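Going by full-length UniProt numbering, the residue at position 60 of the sequence shown is 60; the numbering climbs one at a time, nothing skipped.
For every residue, glycine included, the Cβ atom is placed at its ideal position computed from N, Cα and C.
Quick caveat: nothing in here was measured; it's all calculated off a predicted structure.
The next block holds one structure in the form of structure tokens; read it before the comments.
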Amino acid sequence: MESKEYLRAKEAQERLRQRLGINEQEYEEKLKKEAHKRKVEQERLRQRLGINEQEHEEKLKKEAEEAHKRKVESKEYLRAREAKERLRQRLGINEQEHEEKLKKEAEEAHKRKVESKEYLRAKEAKERLRQRLRQINEKEKAKQEHE
């Protein structure tokens, strides 16, 4: 029974193909071309993804190296900070006193900077005044010579 049904289905399929103008050989060639085209496209995709995968792996490796470097630098920073703290304790420097001293030094540096700016402004004003006096004196001389 199944073989009769199979044969009938195959004949019906063949009649349909003939009606639609599809030759069996052309149809198989078309299917082969499509399969080949899909295979080529998949291969291109794999190659492209393979390259991207390689680049991605390199990027991850680089990020891991940078993270390790930051971790090492962080450990070195903590070690230096701890060593500094031990040194301060050994020398009897109180953290609060040290911060106050640094703040005072910063204020003094700022004050010197402000004073320096004021000094420069005064020096510039003095120079402008000298130039103005020279101009006035030159005008007076020219006026007297003219008379």
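Worksheet item: At which residue ranges does the stretch 28-57 contain complete beta strand (DSSP E) runs of 3 or more residues, listed in the order of the chain?
Response: none
Worksheet item: Taking the C-alpha atoms as reference points, what is the distance between leucine 87 and glutamine 47?
Response: 59 Å
Worksheet item: Would the beta-carbon of arginine 17 fall within 8 Å of that of tyrosine 27?
Response: yes
Fill in: Length of the line joining the Cα atoms of arginine 81 and arginine 128
52 Å
Fill in: Host alpha helix (DSSP H) of glutamate 124 (start-end)
95-146
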